[in-house]
Amino acid sequence: MAEVILTGVGKRYEGNDRNSVTDFNITIADKEFIVFVGPSGCGKSTTLRMIAGLEDITEGELIIDGKVCNEVPPKDRGIAMVFQSYALYPHMSVYDNMAFGLKIQHLPKVEIDQRVREAARILEITEFLQRKPKALSGGQRQRVALGRAIVRHASVVLMDEPLSNLDAKLRVQMRSEIIRLHEQMNATTIYVTHDQTEAMTMATRIVVMKDGFIQQIGSPIEIYHQPRNVFVAGFIGSPAMNFLTAEIRGKEMAIMHNEIHTVKKDLAELIRVDGTKVIIPGEEDRIELSKEEIEELAKVEDKSDLVRHLPASVLEKLPTQNLDEIVISVGFGGKNNLPKHIDYVLLETIHVEKDKASKVAVKDNVVYVPLDEKVVKIPAEFVKALAPYDGKMVIFGVRPEDVHHEADGESAKLFPDALFEMDVDVAELLGHEYILHGKYSGQTIISKVPVVGNKDIHIGDKVRLALDLRKAHFFKIDTPEEKEAILMSDWGLCII
Amino acid sequence: MDKYYFIKTTRPINFGSLSDLFSNHLGHQIKIIELNSQAGYFLASSDLAVDLYSFLSLISSDYNTSLLVFVSPKNDAIAHLFLAETPINQPGLYHLSELLLAAIVNHNEKITVAVSKAFKDLPYQLFQTADIYIQCGLNGQLASQKLYLHRNTFNYRLNQFVELTGIDIREYWNAQYFALIRKTLRNK
């Protein structure tokens, strides 16, 4: 049996200016079941082919069973491979399909026969040995494909998405068969898949890859509970983890409203200035500005920052739509409409909460106004780790299964400020549970809640949900590449 | 219709054994011409491409090598240039049009210039006939109308095009290949 070690392994194809796989480091223990998982093009199959010897290794070292194998021909590496396609040679019987690889290696006929029959016995396909592939079902064909690997008596078995071509039901069945086979064969198994369910259910350890780089290596439980970055957190788990933008404020965090209120400059609806009066279209009242106030506005050099210089009197005097809102007007005006002594004045109207007026930003003639945010208490155990991020934005992650129904579990009691009412945008019934899509503080959130009795949930219904903040994840927001975890959620703090 | 299958492997391969494998599958003799220990070609029915697509992983596993196979209508200098340059790294089965597309995307001038040159001396009216035929979505009736040609004249010219270029653009993959060549020529 074999231990497989990859040290700084990289692959660059001729003519490409960047590596397909970069600095791949892992020690795979004997008899371990390792799963490489990641989206298409992440380099997992390329890594597998390098281990198999089907591709040259551009850099780094591959050690199998204590021997450097970079230059060892594939046939001498003691490796068997199972591919995605469960195609078999159609003109050969099941027996010949399994024996063909051994015949090419010029093994004695008696030994070939012995190995094929042994593999057939393990896979329970002895009765099909003389059949042609066309007379087999999809599952039986895949068993033959596995048999082709078993007969090689390899110490390392590589599987490249072997279940991808099977239907969902058969995939579940074959999954358990492969696990059983792994136990019987006692071979080190490296399994490539893009299906995270396969990764979670089969692996002793998972390697999550993206763009040729390892993102995280860990047991399924570690990967699930302690994802190292946003990519891993989003890739593992179904439905994917919810990511919300939040600002840390001491012992609280404000979950920001992502729906940005934008108002484009519309010259047809200019607010006219008549003397010292601002006339808002559609409004009967005229809001008077004092001469000093207008002159103050005139002094503002950075027009994009004009809104920050709104006099308090304007905010107070402008008509309100409701008690929580105030109408402010921003923009720049043509000189023709203005008194001679000022260059520009507020022009457009938007609705914004009084206390948000200072956060209004103007860029490219568009006014950005942060809408309401939800402020929730951070669980005490996370406060210390998040202290360096006080006043900064972070990505707050919570898995759909940790967004509970109000009546379900203790989240609502423990975190009453994280209780919210959601309008259901989509309700997916999976039999025993619902997957509900909606908005929380303007940001999309998915919840997985159990079905209670026979009560249906429909689009447009309101449901009361609670975030289980004990299972929160926090990630840095600095740059897209560095959305690292600040701390690992529920199974104890782990500050990176 | 027969086509040329060009094979490139990452490890030396026993082409004799591979010839036997294809012969047994197709039920008639296939002889792979070995260019070197990792490259060769053979002539076989275009239908083989469909089977070969699923075979490749098996062959990879049995012969311990990755294979890149591409199907070409001709065994000419262009096909050999594609074999030498292989603008796609990923093992698998490809048609010449797919390789040309990769060459265009990767700005492989060596290939695009060579492909363009091969059509340089073609009489204009034949090129135009093929061009309009492609533009009309391989609709001969419509193409002959657009060219103000009698259908028989159109067919005659199209046959001449096929004879001179060796690329029967009435067939899907070849039409796709010529469609890309048109783009390449326009850019030159």
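Chains as they are written, first to last, in this note's numbering: chain A, 1 to 496; chain B, 1001 to 1188.
Each residue gets a CB set at the ideal place from its N, CA and C atoms; glycine is no exception.
Checklist entry - When the cut-off is 8 Å and only beta carbons count, does A:Lys-580 lie next to chain B? => result Because chain A is modelled from 1 through 496, residue 580 of chain A falls outside the range shown and cannot be assessed.
Next on the checklist: Under 9 Å, CB to CB, which of the residues in the region 8 to 22 of chain A have a partner in chain B?
Outcome noted: Taking 9 Å as the cut-off between beta carbons, the residues of the region 8 to 22 of chain A near chain B are Tyr-13, Glu-14, Gly-15, Asn-16, Ser-20, in sequence order.
Item to check | Contact list for B:Asp-1076 against chain A, beta-carbon separation under 9 Å | outcome: One-based indexing of the second sequence puts residue 1076 of chain B at position 76. Within chain A, no C-beta atom comes nearer than 9 Å to that of B:Asp-1076; the closest sits roughly 23 Å away.
Checklist entry - How many angstroms separate the CA atom of B:Ser-1046 from the CA atom of B:Leu-1101? => result The residue given as residue 1046 of chain B occupies position 46 in the second sequence. The residue given as residue 1101 of chain B occupies position 101 in the second sequence. In a straight line, the C-alpha of B:Ser-1046 is about 20 Å away from that of B:Leu-1101.
Checklist entry - Taking only runs of the beta strand (DSSP E) that begin and end inside the region 1040 to 1096 of chain B, which ones reach a length of at least 3 residues, in chain order? => result Counting only runs of 3 or more, we get 1067 to 1072, 1092 to 1095.
Item to check | Among A:Phe-128, A:Tyr-95, A:Glu-127, A:Glu-124, the one whose alpha carbon lies nearest that of A:Ile-112 | outcome: Along the first sequence, one-based indexing puts residue 112 of chain A at 112. Closest option to A:Ile-112, Cα to Cα, is A:Tyr-95.
Checklist entry - Residues of chain B with a CB under 8 Å from the CB of A:Ala-87: which are they? => result The residue labelled residue 87 of chain A in the question sits at position 87 within the first sequence. Contacts between A:Ala-87 and chain B, judged by CB atoms closer than 8 Å, involve Ser-1054, Phe-1055, Ser-1057, Leu-1058 in chain order.
Checklist entry - Is B:Asp-1002 close to chain A, meaning its C-beta is less than 8 Å from at least one C-beta of that chain? => result Along the second sequence, read from residue 1 onward, the residue named residue 1002 of chain B stands at position 2. With a threshold of 8 Å between beta carbons, B:Asp-1002 makes no contact with chain A.
Checklist entry - Hey, is the region 225 to 245 of chain A in contact with the region 190 to 200 of chain A, meaning 3+ C-beta pairs nearer than 8 Å? => result Yes: at least three Cβ pairs fall under 8 Å.
Checklist entry - Using 8 Å as the threshold, is the region 1022 to 1034 of chain B in touch with the region 56 to 72 of chain A, meaning 3 or more CB pairs across them? => result Not touching, per the Cβ criterion.
Checklist entry - Along chain B, in chain order, which residues have C-beta atoms closer than 7 Å to that of A:His-91? => result Your numbering for residue 91 of chain A matches position 91 in the first sequence. Proximity of chain B to A:His-91 at the Cβ level (cut-off 7 Å) is accounted for by Asn-1024, His-1025, in chain order.
Next on the checklist: For the alpha helix (DSSP H) containing A:Lys-498, name the first residue and the last one.
Outcome noted: Nothing about residue 498 of chain A can be read from this structure; chain A reaches only from 1 to 496.
Checklist entry - Going along chain B in order, which residues have a C-beta closer than 7 Å to the C-beta of A:Met-81? => result Position 81 of the first sequence, counted from the start, is the residue given in the question as residue 81 of chain A. Around A:Met-81, the beta-carbon contacts reaching into chain B at under 7 Å are Ser-1061.
Item to check | Alpha carbon of A:Thr-7 to alpha carbon of B:Leu-1122, nearest angstrom | outcome: On the first sequence, residue 7 of chain A is found 7 positions in, with the first residue counted as 1. On the second sequence, residue 1122 of chain B is found 122 positions in, with the first residue counted as 1. Each residue's alpha carbon lies about 55 Å from the other.
Checklist entry - Residues of chain B with CB under 8 Å from A:Asp-56, in chain order? => result Taking the first sequence and counting its residues from 1, the one referred to as residue 56 of chain A is at position 56. By Cβ distance, chain B contributes Thr-1010.
Checklist entry - Who are the Cβ neighbours of A:Arg-249 in its own chain at under 8 Å, not counting the five residues just before and after it? => result Counting from 1 along the first sequence, the entry for residue 249 of chain A is found at position 249. Excluding five sequence positions before and after A:Arg-249, the CB atoms of its chain that fall closer than 8 Å to its own CB belong to Val-375, Asp-390, Gly-391, given in chain order.
Next on the checklist: For a cutoff of 8 Å on Cβ pairs, would you count A:Arg-148 as touching chain B?
Outcome noted: Looking up residue 148 of chain A in the first sequence gives position 148. Interface annotation, A:Arg-148: in contact with chain B, CB-CB separation under 8 Å.
Next on the checklist: Give me the residue from A:Lys-462, A:Ala-145, A:Glu-433, A:Asn-19 with the minimum Cα distance to A:Glu-177.
Outcome noted: In the first sequence, counting from the first residue as 1, residue 177 of chain A sits at position 177. Closest by alpha carbon: A:Ala-145.
Item to check | Residues in the region 1063 to 1094 of chain B having any Cβ partner in chain A nearer than 7 Å | outcome: Taking 7 Å as the upper bound on Cβ-Cβ separation, chain A lies near residues Tyr-1063, Asn-1064, Thr-1065, Ser-1066, Asn-1089 of the region 1063 to 1094 of chain B.
Checklist entry - What do you get for B:Glu-1003, buried or exposed, if any count of 16 or more other CB atoms within 10 angstroms of its CB means buried? => result Position 3 of the second sequence, counted from the start, is the residue given in the question as residue 1003 of chain B. Reading off the sequence shown, one finds Lys at residue 1003 of chain B, where the question assumed Glu. So B:Lys-1003 counts as buried.
Checklist entry - Shorter than 8 Å from the beta carbon of B:Ser-1017 to some beta carbon of chain A? => result Taking the second sequence and counting its residues from 1, one reaches residue 1017 of chain B at position 17. In terms of beta-carbon proximity, B:Ser-1017 lines the interface with chain A, with at least one pair separated by less than 8 Å.
Checklist entry - Which full runs of the alpha helix (DSSP H) of 4+ residues lie inside the region 183 to 221 of chain A, going along the chain? => result List check, alpha helix (DSSP H) in window: 196 to 202.
Next on the checklist: So the candidates are A:Phe-474, A:Ile-435, A:Tyr-224, A:Cys-69; which of them puts its Cα closest to the Cα of A:Leu-54?
Outcome noted: Stepping through the first sequence from its first residue, residue 54 of chain A is reached at position 54. If you compare the alpha carbons of A:Phe-474, A:Ile-435, A:Tyr-224, A:Cys-69 with that of A:Leu-54, the shortest gap goes to A:Cys-69.
Next on the checklist: For the structure I just gave you, are there three or more beta carbon pairs, one from the region 1175 to 1185 of chain B and one from the region 1126 to 1135 of chain B, closer than 8 Å?
Outcome noted: Yes, the region 1175 to 1185 of chain B is in contact with the region 1126 to 1135 of chain B.
Next on the checklist: Can you tell me where the beta strand (DSSP E) holding A:Val-426 begins and where it ends?
Outcome noted: As a first step, residue 426 of chain A must be located in the first sequence, where it is residue number 426. Residue range 426 to 429 is occupied by the beta strand (DSSP E) that includes A:Val-426.
Next on the checklist: List, from N- to C-terminal side, the alpha helix (DSSP H) runs of 4 residues or more that fit wholly inside the region 25 to 107 of chain A.
Outcome noted: Runs found: 44 to 52, 94 to 104.
Item to check | Under 7 Å by beta carbon: chain B residues contacting A:Phe-100 | outcome: The residue you call residue 100 of chain A lines up with position 100 of the first sequence. Within chain B, the C-beta atoms nearer than 7 Å to that of A:Phe-100 come from Asp-1062, in chain order.
Checklist entry - For a contact meaning CB atoms closer than 7 Å, what does B:Asn-1036 contact in chain A? => result The residue you call residue 1036 of chain B lines up with position 36 of the second sequence. Neighbours of B:Asn-1036 in chain A, taken as residues whose beta carbon is under 7 Å from its own, are absent, since the nearest beta carbon is some 17 Å off.
Next on the checklist: So A:Gly-53 contacts chain B; which residues on that side make the cut at Cβ distance below 7 Å?
Outcome noted: Here the question's residue 53 of chain A lines up with position 53 in the first sequence. Per Cβ cutoff of 7 Å: Asn-1064.
Item to check | is_contact[B:Asn-1106, chain A] using C-beta, thresh 8 Å | outcome: The sequence position of residue 1106 of chain B within the second sequence is 106, counting from 1. By this cut-off, B:Asn-1106 is an interface position.
Next on the checklist: Residues of chain B with CB closer than 8 Å to the CB of A:Ile-112, please, in chain order.
Outcome noted: Sequence index remark: in the first sequence, residue 112 of chain A carries index 112 (1-based). Here the premise fails: no neighbours, minimum Cβ distance about 13 Å.
Checklist entry - Using the rule of at least 16 other Cβ atoms within 10 Å of the residue's Cβ for burial, across every protein chain shown, is B:Tyr-1156 buried or exposed? => result In the second sequence, residue 1156 of chain B corresponds to position 156, counting from 1. Classification for B:Tyr-1156: exposed.
Next on the checklist: Does the CB of A:Arg-464 have a neighbour CB from chain B at under 8 Å?
Outcome noted: Mapped onto the first sequence, residue 464 of chain A falls at position 464. Taking Cβ atoms only, chain B never reaches closer than 8 Å to A:Arg-464, which makes this a no.
Next on the checklist: Quick check on A:Arg-175 - is its C-beta less than 8 Å from some C-beta in chain B?
Outcome noted: Taking the first residue of the first sequence as 1, we reach residue 175 of chain A at position 175. It does not; no Cβ of chain B falls within 8 Å.
Checklist entry - For A:Ile-477, which of A:Ser-441, A:Ala-412, A:Gly-397 has the nearest alpha-carbon? => result For the purposes of this step, residue 477 of chain A is identified with residue 477 of the first sequence, where counting begins at 1. It is A:Gly-397.
Checklist entry - List, in order along the chain, the chain B residues whose C-beta lies closer than 7 Å to that of A:Asp-104? => result As a position in the first sequence, residue 104 of chain A is number 104, starting the count at 1. Residue 104 of chain A is actually Ile in this sequence, not Asp. Residues of chain B with a Cβ closer than 7 Å to the Cβ of A:Ile-104 are, in chain order, Ser-1017, Asp-1062, Tyr-1063.
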